[in-house]
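Below: one structure, written as structure tokens.
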Amino acid sequence: MISPRKLIKMARNGQKIAAMRTKRISFPRHNRDVDDGSCSTSSVADKGHFVAYTADQKRFMIPLAYLNNEILKELFKLSEEVFGHPSDGPITLPCDSIFMEYIVLLIHRGVAKDLEKALAMSVATSLCSSSSSFHIGKTNQQLLVY
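If you count by the UniProt record's numbering, then the sequence shown holds residues 1 to 146, one letter each, in order.
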């Protein structure tokens, strides 16, 4: 026979496991050929991360700490203007995966505040296309060399 104390402990453990499962949100994947490090291949976001898709349907799992970055804030504003609020689908950012990889790399490296603001302003003035974002990425990357 199981003691009441052990039974309560087992019930609490079961509740914790069930609560962890309900907190995870899964989004359908549109593109299955993801091969780079900054794109995610799992269907569920890791703890402390959120998932966003680019205009070319690449899936990115981004740490929640990056939400304070001015560049991402500007991308979210543009996303709202272009795509609206997603009611039942994933967040889609109005840029391509090359630009998003560059943004994630800059944030990960700890980009300087003045460069962050300048890039956020350039994102605000033009939508991200693959040719212009690649050009912006190359010029700003040269500024980061120490």
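The C-beta atom is built at its ideal place from N, Cα and C for all residues, glycine as well.
| For SER3, is the classification buried or exposed, using 16 other Cβ atoms within 10 angstroms of its Cβ as the cut-off for buried? | Exposed, by the Cβ-count rule.
With DSSP run on the structure shown, which of helix, strand or coil describes PRO4? Three-state DSSP puts PRO4 in a helix.
Original post:
By DSSP, does residue 201 sit in helix, in strand, or in coil?
Top reply: Given that the chain is displayed from residue 1 to residue 146, the structure contains no residue 201 and the question cannot be resolved.
Query raised in the report: What are the boundary residues of the beta strand (DSSP E) that HIS49 is part of?
Result: 49-53 is the span of the beta strand (DSSP E), which, as asked, contains HIS49.
Item to complete: State the beta-bridge partners of ARG59 as determined by DSSP.
Response: DSSP links ARG59 through a beta bridge to TYR53.
Residues in the same chain with beta-carbon distance under 6 Å from ALA124, minus the five sequence neighbours each way, listed in chain order, please. Only residues of its own chain outside the window of five on either side were considered, and among them GLU74 have a CB closer than 6 Å to the CB of ALA124, listed in chain order.
> Within this structure, are the beta carbons of ASP56 and SER97 separated by less than 8 Å?
Replying inline: Closer than 8 Å, so yes.
ask   = The alpha helix (DSSP H) with SER122 in it runs from where to where?
value = SER122 -> alpha helix (DSSP H) spans 113-125.
Quiz item: If we ignore side chains and look at the alpha-carbon of each, how far apart do LYS58 and ALA11 end up?
Solution: LYS58 and ALA11 have their C-alpha atoms spaced approximately 41 Å apart.
request  = Note down the Cα distance separating CYS95 from LYS9, rounded to an integer number of angstroms.
outcome  = If I take the Cα positions, the gap works out to 49 Å.
Rounded C-alpha distance that separates GLU101 from LYS6:
Annotation: GLU101 to LYS6 spans about 49 Å, alpha carbon to alpha carbon.
Worksheet entry | Among LYS113, VAL104, MET121, ASN68, nearest to MET61 - alpha-carbon criterion | When only C-alpha atoms are compared, the closest one is VAL104.
Worksheet item: Alpha carbon to alpha carbon, how far is SER122 from LEU78?
Response: The C-alpha of SER122 lies about 12 Å from the C-alpha of LEU78.
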